[in-house]
Amino acid sequence: EILRETGESISLIEEDVATENIISGEVHFNEVAFSYPSRPDVTVLSNINMHALRGEQIAIVGQSGAGKSTIAGLLLQFYNPTSGQITFDNKDAKSFPLSQLRKQMAFVPQDVILFGGSIRENIAYGKPAATDAEIEAAARKANAHDFITKFPEGYATIVGERGVKLSGGQRQRIAIARAILRNPSILILDEATSSLDSESEQLVQDALENLMKDRTSFVIAHRLSTIRNAHKIIVIDKGVVAEQGTHEQLMQKNGIYKKLNEMQFEFSSVMH
29 EILRETGESI SLIEEDVATE NIISGEVHFN EVAFSYPSRP DVTVLSNINM
79 HALRGEQIAI VGQSGAGKST IAGLLLQFYN PTSGQITFDN KDAKSFPLSQ
129 LRKQMAFVPQ DVILFGGSIR ENIAYGKPAA TDAEIEAAAR KANAHDFITK
179 FPEGYATIVG ERGVKLSGGQ RQRIAIARAI LRNPSILILD EATSSLDSES
229 EQLVQDALEN LMKDRTSFVI AHRLSTIRNA HKIIVIDKGV VAEQGTHEQL
279 MQKNGIYKKL NEMQFEFSSV MH
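Be aware that the sequence shown starts at 29, since it is given in the working numbering, and climbs by one per residue.
Okay, here's the thing in structure tokens:
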């Protein structure tokens, strides 16, 4: 959804990040408002204040259309705020060369697209100059190595439209390996909404834990059960921050987050 809206992809420019542009992962949204240029009269986000310290996991939740994906697009610098400011390590986002900032981010979309090529090439998309050893290490952390090596061609297996069809869980783990290899300071994860079987679900969840460890992570959450341990949960409703806090703090309030939790619990009870 995010990439569709912008028609833009994250460029892969093989340049080193200059020392003055290296970020540790602290992110601040200060009174951020946003309207799409094509519809300036429609306010998508207003007065968004949020602060992520280096290494924190921030979950962004809310009903469909609340503005969650727009926050991800702003983080990735696909668009600039209409007003307010976004800072990385207390420096205005606009002060960084775009390619240098994006090189330090990874985005794992909910619908993973693999291009026609080998599994090795698909993982190395995050770092084209990577060695085979680096690619394998990333795949192991992403719980992908075992299924890759079961193919007769291993990492040389061709995937994509004309190649081997991978399951949803396998595709997600390739995308996670790609992000691990990139080794970003900031991770943006648009959680997959498609349901996986419980074994795949656990493998993907474990791989995500490896990916998020010690790096600032923004999770656009669709299943609230996966984000209970987030350092901070930000509830977006009609384009504003309605609530924020830990899972425990928000469950004590009789607010939107608690209602969303109860709705999901009831739905999963009916489905099982």
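Here a beta-carbon is modelled for each residue, glycine too, at the ideal position from N, C-alpha and C.
The structure presented is a predicted model; accordingly, all values stated were derived computationally and were not measured.
Item to check | Spatially closest choice to residue 117 from 110, 132, 107, by CA coordinates | outcome: 132
Checklist entry - Among the residues of its own chain, which have a CB less than 7 Å from the CB of residue 151, if the five just before and after it don't count? => result 163, 166, 167, 202, 205, 206, 209
Checklist entry - For residue 176, which three-state DSSP category applies? => result helix
Item to check | Cβ distance (whole Å) where residue 140 is taken to contact residue 249 below 8 Å | outcome: So it is not a contact: roughly 17 Å between Cβ atoms.
Checklist entry - Which residue from 129, 123, 91 puts its Cα closest to that of residue 292? => result 91
Item to check | Under the three-state DSSP convention, the category residue 80 falls into | outcome: strand
Item to check | C-beta atoms of residue 73 and residue 99 nearer than 9 Å | outcome: yes
Item to check | Coarse secondary structure for residue 145, derived from DSSP in three states | outcome: strand
Item to check | Straight-line Cα distance separating residue 180 from residue 243 | outcome: 35 Å
Next on the checklist: Less than 9 Å between the C-beta atoms of residue 236 and residue 224, yes or no?
Outcome noted: no
Item to check | 6 Å Cβ shell around residue 270 - same chain, five flanking residues per side excluded | outcome: 263, 284
Item to check | Residues near residue 191 in its chain [Cβ-Cβ closer than 6 Å; skip 5 each side] | outcome: none
Checklist entry - Between the Cα of residue 233 and the Cα atoms of 170, 194, 155, which residue gives the shortest distance? => result 170
Next on the checklist: So, under 8 Å CB-CB, residue 247 and residue 258 are touching, yes? Tell me the CB distance rounded to an integer number of Å.
Outcome noted: 7 Å
Checklist entry - Do residue 109 and residue 62 have their C-beta atoms within less than 9 Å of each other? => result yes
Next on the checklist: Distance check for residue 69 and residue 161, CA to CA, integer angstroms please.
Outcome noted: 52 Å
Checklist entry - If you draw a straight line from the C-alpha of residue 59 to the C-alpha of residue 153, how long is it? => result 35 Å
Item to check | Bridge partner(s) assigned by DSSP for residue 87 | outcome: 247, 261
Next on the checklist: Beta-carbon within less than 7 Å of residue 146's beta-carbon, same chain only, minus the 5 sequence neighbours each way: which residues are those?
Outcome noted: 183, 184, 185, 186
Item to check | Span separating the alpha-carbon of residue 274 from that of residue 260 | outcome: 5 Å
Item to check | residue 215 vs residue 158 beta-carbon contact at 9 Å | outcome: no
Checklist entry - So is residue 122 buried or exposed if we call it buried at 16+ other beta carbons inside 10 Å? => result exposed
Next on the checklist: Could you tell me the alpha carbon to alpha carbon distance between residue 220 and residue 197, rounded to whole angstroms?
Outcome noted: 10 Å
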